[in-house]
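Before any comments, here is the structure.
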Amino acid sequence: MNELKIFAPATIANVSCGFDVLGLCLDTVGDEMIVRKIPESGIRISKITGQHLPLEVEKNVAGVAALAMLERLNSEVGFEIEIHKKIKAGSGIGSSAASAAGTVWAMNELLERPFDATELVAFAMKGELLASGTAHADNVAPALLGGFTLIRSYEPLDIIKIPSPDQLYATVIHPQIEVKTSDARSVLKQSISLQKSIVQIGNLGGLISGLYTADYNLISRSLHDEIVEPLRSILIPGFDEVKQNAIQAGALGAGISGSGPSIFALSKGKATAEKVAKSMSETYQNLNIDFDVHVSNINTKGCRIL
Ligand code: ADP
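Start counting the sequence shown at 147; every next residue gets the next number (the working numbering).
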């Protein structure tokens with residue numbers, strides 16, 4: 147096998163009460179990539195469609211993640227990468243993560259799997275370091291492992307895959323406005339009250355437990371963010387209304403996807419998730435803000451061959 151065409155999924159990081167530690171993998175939105183072995187050693191990005199992104203290996207998250215793996219391999223192999231972007235950059239559903247995760251996943255398959263999932267996450271995190279200045283794993287981990295992932299610790303890297311109930315669906319709406327990552331970071335506070343952290347920990351434990359036991363009611367009771375959402379939501383026009391509409395339409399809960407501006411909702415069943423999509427869309431139609439909306443099951447596998 148010398149070439150793979152793959153699907154590199156979009157992901158939702160944070161998931162309300164899991165700021166910086168929780169993420170989930172989507173199935174109906176993601177990039178396509180082709181990764182092939184080449185005779186010469188090193189990494190080459192030969193083609194990018196769908197977006198203007200650098201072809202220079204050191205400036206593209208796919209290239210940086212690939213180089214991190216090559217360095218560990220210590221051999222003379224070489225790969226060529228094509229990126230066909232479908233995820234919009236800066237949308238908050240892991241555009242950079244999809245490229246980094248997809249690249250290392252495909253390389254590992256072509257090399258007959260010398261690395262385990264945690265090692266792949268570590269390579270892909272080098273791409274995230276380039277994109278955002280921090281080597282976070284909350285998008286690349288679900289893209290590589292699938293399902294929900296919990297990053298229990300970074301040093302050492304300890305990632306736990308959490309099962310998700312079959313009927314759990316995500317709705318994601320991306321209002322076409324720009325939220326600068328620097329703004330999304332600067333509104334955060336460096337310390338939080340004991341009271342807030344107690345509520346957040348209770349909800350995170352509840353969410354994890356609800357996912358394990360397929361208790362949709364518990365998932366719903368737990369989908370709250372005491373800490374970040376109240377600060378960040380002011381950067382997203384219509385946030386409160388979209389969230390309210392989603393819950394009124396039957397969603398279990400809703401919140402900011404990653405650092406925004408996308409807003410996600412979780413629902414039981416596809417029909418409800420679609421109703422939620424319609425209801426969330428109406429807010430942005432009324433505000434005259436363009437948007438994309440996606441409904442997806444939880445992708446339990448992560449990257450896959452097309
Ligand atoms: P998201 O919030 O969806 O993860 P970001 O907007 O944070 O996406 O990351 C995109 C940033 O990473 C942009 O500055 C973009 O130029 C850079 N980048 C470099 N390579 C890629 C790539 N292959 N795919 C997406 N973004 C890339």
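For each residue, glycine too, the CB sits at the ideal point set by N, CA and C. None of these values were measured; they are calculated from a predicted model.
Extent of the continuous beta strand (DSSP E) to which Arg190 belongs: 188 to 195
Straight-line gap, Pro383 to Ser403 (C-alpha atoms, nearest Å): 14 Å
Test item: CB-CB of Pro311 and Ala360 under 8 Å: yes
Inter-residue spacing [alpha-carbon to alpha-carbon] between Arg450 and Ala252: 9 Å
Endpoints, the alpha helix (DSSP H) within which Glu202 is located: Here Glu202 belongs to no alpha helix (DSSP H), and DSSP marks it neither H nor E.
Classification of Gly351 by the beta-carbon crowding that lies within 10 angstroms, buried from 16 upward: exposed
Nearest neighbour of Leu377, chosen from Gly209, Asn434, Ala263, Arg331 [CA to CA]: Arg331
First through last residue of the beta strand (DSSP E) which encompasses Arg259: From DSSP, Arg259 is part of no beta strand (DSSP E); its letter is neither H nor E.
Inter-residue Cα distance where the pair is Ile297 and Gly348: Taking the straight line from one Cα to the other gives about 17 Å.
Closer than 7 Å: Ser237 CB and nearest the ligand ADP heavy atom: yes
Under the three-state DSSP convention, the category Ala154 falls into: strand
Span separating the alpha-carbon of Lys205 from that of Gly248: Straight-line Cα distance between these residues: approximately 17 Å.
Limits of the unbroken beta strand (DSSP E) element including Leu369: Run containing Leu369: none; DSSP gives neither H nor E here.
Distance between Lys232 and Cys163 (C-alpha atoms, nearest Å): Separation of Cys163 and Lys232 (C-alpha to C-alpha, rounded to the nearest whole angstrom) is 28 Å.
Exposure label - Pro200; buried when at least 16 CB within 10 Å: exposed
Among Pro260, Lys326, His370, Asp438, nearest to Asn220 - alpha-carbon criterion: Pro260
Those residues which DSSP pairs with Val439 across a bridge: Ile319
Limits of the unbroken alpha helix (DSSP H) element including Leu213: 207 to 219
Heavy atom of the ligand ADP within 7 Å of Leu199 beta-carbon: Yes, the beta carbon of Leu199 sits closer than 7 Å to at least one heavy atom of the ligand ADP.
8 Å contact criterion, which Gln197 and Ala235 should meet: CB distance rounded: 6 Å
Cβ-heavy atom distance, Thr327 to the ligand ADP, below 7 Å: Yes, the Cβ of Thr327 comes within 7 Å of a heavy atom of the ligand ADP.
Cβ-based neighbour list, Ala268, same chain, cut-off 7 Å, excluding 5 preceding and 5 following: Leu303
Continuous beta strand (DSSP E) stretch holding Gly176: start and end: 168 to 184
N-terminal and C-terminal residue of the beta strand (DSSP E) that Leu350 is part of: Careful: Leu350 lies outside any beta strand (DSSP E), inside the alpha helix (DSSP H) at 340 to 359.
Coil, strand or helix - Phe385 by DSSP: helix
Proximity of Lys414 and Val441 at Cβ, strictly below 8 Å: no
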